[in-house]
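A.B. asks: Sharing a structure with you now.
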Amino acid sequence: MARFWVCVTCAVFFLAFLVLHWRLCDSTVLRNFAFQVIGRAEQSLYQLDVDWPKHSEYFTGTTFCIAVDSLSGLVYVGQRGNDVPKVLVFTENGYFLRAWNYTVDMPHGIFAASTLHEQSIWITDVGSGPYGHTIKKYNPVGDLIQVLGTPGKKGTGLNPLQFDNPAELYVEDTGDMYIVDGDGGLNNRLIKLSQDFMVLWLRGENGTGHARFNIPHSVTVDAVGRVWVADRGNKRIQIFDKDTGEWLGEWKSCFTEEGPSSVRFTPDGKYLVIAQLNLSRVLFVAAPPPGSIGSCSVISTIQLGDQVLPHLLDISGKTGALYIAEIGAKQVQKYVPSLSYFSAGGS
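Rendered as structure tokens:
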């Protein structure tokens, strides 16, 4: 009995410490951390890095997208709002470096495409102003290098390229590019472009059948040549062959409550990490072996606080760190692989 009351006393002290720390710091990151400790008994594959970023006051707008340049160790955040810098640059350790706001209207997706020969940042712009409905390439300090689409004008054309609310893109080391267009509007399609921006194949139009979309919102490519698309409005992920565009299959069983809003693979290819916006939840799903799509199997979850609203996420190819852009909390949070990840066979 004495041992029981000692345990109870320790638990009460621990909860009181959390509440006191919460009030003293008044931090959204700490609130979400407390929510996870109190609300989840199971061990997660990832754990919150409470020290990232070092100073959260740089988030002055609504944080919509995130990209990690694993070669340079830089993290790019796209945010929206009036009179706010549209792109913030941090180190992976959480130190703020710089901001830029040139020729960006309303960022939706962002991707860091870096090789040993070139570092570039791609942004999908869904604004209705003079820079909107385009996909733009920048260098790391914000100089505009390339524009795809007709600035300020939405459309469906392929020659020249036109977009309507392009949601996100994924760029391979070869320079080949996969674009999901769009986040509502005229187009519901997946486009593959060559490194010189020629259309290699196109899949999709509005609908619920195979290779049709309802708000294709995020796209990624795995190590064995499959393209994974978060078909958010249809509550599924669709999978395609990256060389031919052939439809390979779909996952629906994990998304009965809400569709996926973001998809990325862990560096070891073991898990597909998926954000669900309105559920404020991140799923870790077992990746299928080559030659098989199989079915969706959730291995672990991160349940964020109410109305955090994770929009898009990215993962460092070097460290495996997970960064989540949250439009409800207006912040980015960093999660790192836990001991559970490594004991489960992650590398």
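Sequential numbering of the sequence shown, starting at 1, is according to the UniProt record's numbering. Just so it is clear, CB atoms sit at the ideal spot from N, CA and C, and this is done for glycine as well. Predicted, not measured: the structure shown is a model, and the values here were computed from it.
If isoleucine 302 and arginine 281 are in contact, beta carbons under 8 Å, what's the gap, nearest whole angstrom?
C.D. replies: As a first step, residue 302 is located in the sequence shown; it is residue number 302 there, counting from the start. As a first step, residue 281 is located in the sequence shown; it is residue number 281 there, counting from the start. Right, their Cβ atoms sit about 7 Å apart.
A.B. asks: Express the C-alpha separation of tyrosine 335 and tyrosine 323 in angstroms, rounding to a whole number.
C.D. replies: If you number the sequence shown from 1, residue 323 lands on position 323. If you number the sequence shown from 1, residue 335 lands on position 335. Approximately 6 Å between the Cα atoms of the pair.
A.B. asks: Hey, could you find the ends of the alpha helix (DSSP H) serine 343 is sitting in?
C.D. replies: As a working mapping, residue 343 is identified with position 343 in the sequence shown. 339-343 is the span of the alpha helix (DSSP H), which, as asked, contains serine 343.
A.B. asks: With distances taken between CB atoms, is the gap from tryptophan 228 to isoleucine 239 smaller than 7 Å?
C.D. replies: The count along the sequence shown starts at 1 and reaches residue 228 at position 228. The count along the sequence shown starts at 1 and reaches residue 239 at position 239. Yes, they are a contact pair.
A.B. asks: Give me, in chain order, the residues of the same chain whose beta-carbon lies closer than 8 Å to that of aspartate 26; leave out the 5 immediate sequence neighbours on both sides.
C.D. replies: Along the sequence shown, one-based indexing puts residue 26 at 26. Legend: pLDDT at aspartate 26 = 44, less than 50; position of this residue unreliable, no value from coordinates given.
A.B. asks: Going by CA-CA distance only, name the one from Ser114, Ile66, Tyr95, Gly73 that's closest to proline 107.
C.D. replies: Indexing the sequence shown from 1 puts residue 107 at position 107. With distances taken between Cα atoms, proline 107 lies closest to Ile66.
A.B. asks: Under 7 Å between the Cβ atoms of glycine 225 and phenylalanine 213?
C.D. replies: On the sequence shown, position 225 is the one that residue 225 refers to. On the sequence shown, position 213 is the one that residue 213 refers to. No. Outside cutoff.
A.B. asks: When DSSP labels each residue in this structure, what does glycine 249 get in the three-state scheme?
C.D. replies: Mapped onto the sequence shown, residue 249 falls at position 249. Residue state, collapsed to three classes: strand.
A.B. asks: Could you check how far apart the C-beta atoms of threonine 63 and valine 77 are, in whole angstroms? I think they sit under 8 Å.
C.D. replies: Taking the sequence shown and counting its residues from 1, one reaches residue 63 at position 63. Taking the sequence shown and counting its residues from 1, one reaches residue 77 at position 77. That belief holds up - the Cβ atoms of threonine 63 and valine 77 are roughly 6 Å apart, short of 8 Å.
A.B. asks: Compare the C-beta of leucine 277 with all C-beta atoms of chain C and state if any pair is closer than 7 Å.
C.D. replies: In summary, chain C is missing from the structure at hand, where a single protein chain is found.
A.B. asks: Alpha carbon to alpha carbon, how far is alanine 321 from isoleucine 315?
C.D. replies: As a position in the sequence shown, residue 321 is number 321, starting the count at 1. As a position in the sequence shown, residue 315 is number 315, starting the count at 1. Whole-angstrom Cα-Cα distance: 6 Å.
A.B. asks: For proline 85 and asparagine 278, I'd like the C-alpha separation in whole angstroms.
C.D. replies: For the purposes of this step, residue 85 is taken as residue 85 along the sequence shown, with counting starting at 1. For the purposes of this step, residue 278 is taken as residue 278 along the sequence shown, with counting starting at 1. Approximately 26 Å between the Cα atoms of the pair.
A.B. asks: If we ignore side chains and look at the alpha-carbon of each, how far apart do tryptophan 201 and glycine 155 end up?
C.D. replies: Taking the sequence shown and counting its residues from 1, one reaches residue 201 at position 201. Taking the sequence shown and counting its residues from 1, one reaches residue 155 at position 155. The alpha-carbon atoms of tryptophan 201 and glycine 155 are separated by roughly 18 Å.
A.B. asks: Please classify proline 160: is it buried, with 16 or more other beta-carbons within 10 angstroms of its beta-carbon, or exposed?
C.D. replies: Numbered from 1 along the sequence shown, position 160 holds the residue referred to as residue 160. Looking at its Cβ environment, which holds fewer than 16 other Cβ atoms inside 10 Å, proline 160 is exposed.
A.B. asks: Cβ of serine 218 within 7 Å of Cβ of serine 253?
C.D. replies: Taking the sequence shown and counting its residues from 1, the one referred to as residue 218 is at position 218. Taking the sequence shown and counting its residues from 1, the one referred to as residue 253 is at position 253. Going by C-beta atoms, serine 218 is not nearer than 7 Å to serine 253.
A.B. asks: By the 10 Å Cβ neighbour count, where 16 or more other Cβ atoms means buried, how is tyrosine 131 classified, buried or exposed?
C.D. replies: Position 131 of the sequence shown, counting from 1, holds the residue named residue 131. With 16 or more other Cβ atoms within 10 Å, it is buried.
A.B. asks: Return the chain-ordered list of same chain residues with a C-beta closer than 8 Å to the C-beta of threonine 174, the five sequence neighbours on each side being excluded.
C.D. replies: To locate residue 174, count along the sequence shown from 1; it is residue 174. Here the set comprises Gln195.
A.B. asks: From valine 332 to tryptophan 52, what distance separates their C-alpha atoms?
C.D. replies: Position 332 of the sequence shown, counting from 1, holds the residue named residue 332. Position 52 of the sequence shown, counting from 1, holds the residue named residue 52. Straight-line Cα distance between these residues: approximately 9 Å.
A.B. asks: So if DSSP puts glycine 185 in a beta bridge, which residue, or which two residues, is it bridged to?
C.D. replies: Counting from 1 along the sequence shown, the entry for residue 185 is found at position 185. Answer is none; glycine 185 lacks a bridge partner.
A.B. asks: Have a look at Glu172, Gly149, Ser114, Gly209 and flag the residue whose alpha-carbon is nearest the alpha-carbon of glycine 182.
C.D. replies: The residue given as residue 182 occupies position 182 in the sequence shown. The shortest Cα separation from glycine 182 among Glu172, Gly149, Ser114, Gly209 belongs to Gly149.
A.B. asks: Cα-Cα, which of Ile110, Phe96, Asp268 is closest to lysine 318?
C.D. replies: Locating residue 318 in the sequence shown gives position 318, counting from the first residue. If we check each option's Cα against that of lysine 318, Asp268 comes out closest.
A.B. asks: If I measure Cβ to Cβ from glutamine 146 and keep anything under 6 Å in the same chain, skipping five residues before and after, which residues do I get?
C.D. replies: In the sequence shown, residue 146 corresponds to position 146, counting from 1. Answer for glutamine 146: Lys137, listed in chain order.
A.B. asks: Under the three-state reduction of DSSP, which class applies to glycine 109: helix, strand or coil?
C.D. replies: Here the question's residue 109 lines up with position 109 in the sequence shown. Reduced to three states, the DSSP call for glycine 109 is strand.
A.B. asks: Which class does arginine 226 belong to by DSSP, given the choice of helix, strand or coil?
C.D. replies: Counted from its first residue, the sequence shown places residue 226 at position 226. Residue state, collapsed to three classes: strand.
A.B. asks: Going by DSSP, which residues form a beta bridge with proline 288?
C.D. replies: Locating residue 288 in the sequence shown gives position 288, where the first residue counts as 1. Bridge partners of proline 288: none, in fact.
A.B. asks: Going by Cα to Cα distance, which pick from Thr115, Arg264, Phe59, Asn139 is closest to leucine 169?
C.D. replies: Position 169 of the sequence shown holds residue 169. When each option's Cα is compared against that of leucine 169, the closest is Arg264.
A.B. asks: If you drop the 5 nearest sequence neighbours on each side, which residues of the same chain put their C-beta closer than 7 Å to that of tyrosine 58?
C.D. replies: Here residue 58 corresponds to residue number 58 of the sequence shown, with the count starting at 1. Once the five neighbours on either side are set aside, the close Cβ partners of tyrosine 58 are Leu88, Phe96.
A.B. asks: Can you give me the start and stop residues for the beta strand (DSSP E) that aspartate 69 sits inside?
C.D. replies: Reading the sequence shown from its first residue, position 69 is the one you call residue 69. Note, aspartate 69: beta strand (DSSP E), 62-69.
A.B. asks: Give the C-beta separation of serine 44 and serine 343 to the nearest angstrom, bearing in mind that I take them to be a contact with Cβ-Cβ under 8 Å.
C.D. replies: Here residue 44 is taken as the residue at index 44 of the sequence shown, counted from 1. Here residue 343 is taken as the residue at index 343 of the sequence shown, counted from 1. No, serine 44 and serine 343 are not in contact; Cβ-Cβ is about 12 Å, not under 8 Å.
A.B. asks: Under three-state DSSP, which class holds asparagine 234?
C.D. replies: Residue numbering aside, residue 234 sits at position 234 when the sequence shown is read from its first letter. Of the three classes helix, strand and coil, the one that applies to asparagine 234 here is helix, per DSSP.
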